[in-house]
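Residue numbers (the numbering used here): 7 to 597.
Backbone N, C-alpha and C fix where the C-beta goes; we use that ideal spot for every residue, glycine too.
Predicted, not measured: the structure shown is a model, and the values here were computed from it.
This report concerns only the one structure given below.
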Ligand code: FES
């Protein structure tokens, strides 16, 4: 440890640290542009210069490069330091007058203009951060400084395109001027392949280290191995260097964790209907035909457009059409109603009118299903607004080829079934209210858990009225849209109900089952094992010692399959033995 004084305050600092690191650790702010924790300091911008008094000498040094020494007295904001910084800012302003971060610094230090000649129409301050990250961390060496004096610039070696650049984008990511002085298209003929954010429906990009979505539980970032430079080349490791809690472990592997549990609540959710299956609606063909989930992200304040309803190629949205029941209530796709689309569509219409008050919004519906607390009232309110709610299923979406001034506009062709008229409505935006489908691998999980499914692949509950969250498999519950389409309030209510059902069993401390179970008559069992493969609940096992089948009555659901299939008649159904049934018949006949 060395004892130093910063701004008249004494600190004990670990030996080998730079003054900048020491100051930052103590929460003191020193401006920097060319410094990055993961790279060796270069001292290019000189913004971090501080006044150092040591052994009776005073000097001005870049704090990012100067190591702490015992007895140092450092001033980070003295008049001379601040005046020096202002001059550096003026020089940077002359070099990169448009760079956002330099303009911010100038504002902060009260520098209104530069006295130096603005000879450059550039945003690059020649700090070399991009070159260092490319060479030292990525190991690519795709860019270099070329020329001298005022001709100096960041460029390709020999100013010629080559194969070295992997378009990782680190050079522009680490550019400190906030203006991305390095443009990938000037460095490589490879086309950059942005990583699209799954949560933002591919409408925005994300880095290779990311948090899947803002409400993720646990809220921990993950590394996308397929796109992480370290996993591709073994280089980079910047995230490991900058992570203060030292939480990055590249050796970590996916683990299969086994837990013994008494109950399972299946809440695997749904897949949205893929509108590419209905080509008449032009999804994927016209950029302004989007799905309800894409609209959800676009209209969200935390979404890629920060809530602004804008699209590439569409200058202004003057009108929008919202199409209900896409992929629902249709013999060719899904016959069932997806339940939540009507209210979602009305909400979307309201949002568009709210954000674009001069726009016209058209809703095309088959039937409005507004069953839920306050839903009908909301629908009535929408009916009283100037949103056009038209009863009719849209036949197709086309562009308007003959009207060049309407480029980008689309025509919605539909029949108004109340008026009996064919409508052609020109719009700038079409939102497809896509339906809900079971998850693609829902049947695989059903197979593992022995859960019965509906024809479509939704999990079946034990009883729709009396046991809506239970399944025929004791201890397995379902909640949410994996059981059938549900909106958020219903999914939450069912989830809580399932959790309460599980907790009530745990709290009771004992397990009560139905008495009507199958039972093996040991003396009659021949040990043929027929019943083992037939039991859908895996309740039968084979006792190797006794060489007979055994039934676990906690798992047995009393379905009777084993009873009917036993060739030796060795399995009886408690409460339904032949003797009991004959006695019942006799009793009935006596009456
Ligand atoms: Fe130290 Fe730029 S941060 S010289």
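Asked, Found
"Is it buried or exposed, residue 65, if we count other Cβ atoms within 10 angstroms and call 16 or more buried?", "exposed"
"Does the segment 520 to 527 come into contact with the segment 546 to 565, if we say contact requires no fewer than three beta-carbon pairs (one atom in each stretch) closer than 8 Å?", "yes"
"Tell me whether residue 7 is buried or exposed, calling it buried when 16 or more other Cβ atoms sit within 10 Å of its Cβ.", "exposed"
"Check for me: the alpha helix (DSSP H) holding residue 503 runs from which residue to which?", "494 to 514"
"Could you pull out every residue in the same chain whose Cβ sits closer than 7 Å to the Cβ of residue 475, ignoring the five residues on either side in sequence?", "467, 483, 484, 485, 500, 503, 504 and 507"
"Shorter than 7 Å, the distance from the beta carbon of residue 180 to the closest heavy atom of ligand 1, or not?", "no"
"How big is the Cα-Cα spacing for residue 4 and residue 469?", "Since the first and last residues shown for the chain are 7 and 597, residue 4 lies out of range."
"Within the segment 371 to 417, note down every full beta strand (DSSP E) run reaching 3 residues or more, in order along the chain.", "394 to 397 and 400 to 405"
"Quick one: measure Cβ to Cβ for residue 95 and residue 117, integer angstroms, because I've assumed they're closer than 8 Å.", "5 Å"
"Looking only at C-alpha atoms, which of 176, 368 and 569 sits nearest to residue 577?", "569"
"Looking at residue 31 and ligand 1, is the gap between the Cβ and the nearest heavy atom below 7 Å?", "no"
"Can you check the segment 217 to 244 for any alpha helix (DSSP H) of at least 4 residues that lies completely inside it and give the ranges in chain order?", "235 to 239"
"Report the option in 479, 43, 516 and 544 whose CA atom is closest to the CA atom of residue 271.", "479"
"May I ask which residues mark the beginning and end of the beta strand (DSSP E) holding residue 549?", "546 to 549"
"Does the distance from the CB of residue 437 to the CB of residue 279 come in under 8 Å?", "no"
"Write down the C-beta distance between residue 242 and residue 254 rounded to the nearest angstrom, noting that I regard them as a contact closer than 8 Å.", "Contact flag wrong, Cβ pair sits at about 11 Å."
"By Cβ distance below 7 Å, which residues in the same chain neighbour residue 152 in space, the five residues on each side in sequence not counted?", "159, 161 and 165"
"Taking the alpha-carbon positions, what's the residue 588 to residue 463 distance?", "40 Å"
"Once the 5 residues before and after residue 201 are set aside, which same chain residues still bring their CB inside 8 Å of it?", "211, 212, 213, 214, 230 and 233"
"Out of 269, 235, 265 and 274, which has the shortest C-alpha to C-alpha gap to residue 256?", "235"
"Where does residue 9 sit, in a helix, a strand or coil, going by DSSP?", "strand"
"Hey, could you find the ends of the beta strand (DSSP E) residue 430 is sitting in?", "427 to 433"
"Can you give me the C-alpha to C-alpha distance between residue 5 and residue 447, rounded to a whole angstrom?", "Here the chain has residues from 7 to 597 only, and residue 5 is not among them."
"Can you tell me whether DSSP reads residue 274 as helix, strand or coil?", "coil"
"Check the C-beta distance from residue 44 over to residue 247 and give it rounded, since I have them as a contact under 8 Å.", "4 Å"
"Would you grab the beta carbon distance between residue 49 and residue 68 for me? Rounded to a whole angstrom, and I think it's under 8 Å.", "4 Å"
"Roughly how many angstroms lie between the CA atoms of residue 421 and residue 298, to the nearest whole one?", "22 Å"
"Heavy atom of ligand 1 less than 7 Å from the Cβ of residue 41, yes or no?", "yes"
"Following the continuous beta strand (DSSP E) through residue 64, name the residue where it begins and the one where it ends.", "63 to 68"
"Are at least three pairs of beta-carbons, each pair with one atom in the segment 380 to 393 and one in the segment 348 to 363, less than 8 Å apart?", "yes"
"Of all the beta strand (DSSP E) runs that stay within the bounds of the segment 67 to 129, which reach a length of 3 or more residues?", "79 to 81"
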